[in-house]
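Notes follow the structure.
Residue numbers (our numbering): 83 to 368.
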């Protein structure tokens, strides 16, 4: 097992790959907090306005002490790790903020550890506004001493950093969160459909449940996903890469890997994306 070097400081070079809906505001929070930041995105225009060095490819981050990834999926994370694997200095750490499968996280952690490198699956929750404010929640999977080494970096983007367990645990908790959240979203959508069929406006229902047992994060933040869908449209993000599609299929895949029956997740994966996109296209129910 590799020896973990000292805690990272702002004199260390920090790399960040992926400047999308969450990656850009996370990078802004890191730059604002004084990190020596270098960034890469396939679309160089996304780096505009960032107080950071823009590089031409992920391989150009090989001399960074910490490399954070906020890219769409397992394939993208794996590709970047493969590009960096032979170039990174022993002791360097890769932080996967992407929502990936627990099995992928465990495999990559083992692969990097064999090379004297570190890997943490550190998916985030909270949305773009909290990312910019540096107040996300991080679910971390990996070695505790490795997490403590990079905690100053995570503290710049998050108010809460929860060590969920060994490699893959952070990814598993993120998928569990997504299943809970999207199950609630589907339930609220259908509840509003039911009330609407009896001529009850959405806001009346939301006001009523605000002090009732049906209250949830979804009802408190109704309209959140309409705004997220609009941001994805503006960025040109394919529907298959949006969390209400991609993350739910990841839940199904992770459950299948461990033979866990999740009938609700299977149903949600098949239809929820269409509901979210249809609502956003129709102007959030107006």
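Glycine residues also receive a C-beta, built at the ideal position from the N, C-alpha and C atoms.
These figures come from a predicted structure and were not determined experimentally.
Apart from the five residues on each side of it in sequence, which residues of its chain come closer than 8 Å, Cβ to Cβ, to residue i?
i	result
residue 355	321, 324, 326, 327, 330
residue 364	none
residue 357	268, 271
residue 120	95, 96, 97, 98, 134, 135, 136, 137, 142, 143, 146
residue 246	221, 222, 223, 252, 254, 255
Between residue i and the rest of its own chain, which residues show a CB-CB distance below 7 Å, the 5 nearest in sequence each way excluded?
i	result
residue 359	311, 321
residue 297	291
residue 106	128
residue 126	136
residue 265	346, 350
residue 274	284, 287
residue 90	147, 148, 231, 232, 234, 235
Out of the options, point me to the one whose CA is closest to residue i's CA.
i	options	result
residue 101	94, 92, 111, 95	111
residue 166	144, 271, 283	144
residue 249	103, 120, 276, 193	193
residue 235	106, 363, 113	113
residue 153	223, 103, 276, 294	103
residue 171	336, 149, 156, 115	149
residue 268	239, 307, 294	307
residue 334	288, 287, 176, 184	184
residue 199	176, 259, 217	176
residue 229	263, 191, 258	191
residue 96	215, 344, 238	238
residue 187	341, 163, 108	163
residue 108	225, 216, 262	216
Would you kindly report the start and end of the unbroken alpha helix (DSSP H) that includes residue i?
i	result
residue 277	251–279
residue 102	First-last for residue 102: undefined, no H or E at that position.
Between which two residues does the beta strand (DSSP E) holding residue i run?
i	result
residue 151	148–151
residue 241	240–247
residue 121	118–122
Using C-beta distances below 6 Å, list every residue in its chain close to residue i, excluding the 5 sequence neighbours before and after it, in chain order.
i	result
residue 178	151, 159, 203
residue 173	87
Shorter than 6 Å, the distance from the beta carbon of residue i to the closest heavy atom of the ligand ADP, or not?
i	result
residue 138	Questions concerning the ligand ADP fall outside what the structure shown contains, since it holds no ligand whatsoever.
List the DSSP bridge partners of residue i.
i	result
residue 143	According to DSSP, which records beta bridges pairwise, residue 143 is partnered with nothing at all.
residue 112	Partner(s): none; residue 112 has no beta bridge.
residue 97	120, 149
residue 88	According to DSSP, residue 88 bridges with nothing at all.
residue 136	121
| task | Could you tell me which uninterrupted alpha helix (DSSP H) segments, each at least 4 residues in length, are contained entirely in the region 163–238, listed from first to last along the chain? | result | 184–195, 210–215, 226–237, all fully within the region 163–238.
| query | Which runs of the beta strand (DSSP E), 3 residues or longer, sit entirely within the region 289–367? | reply | Complete beta strand (DSSP E) runs here, min 3: none at all.
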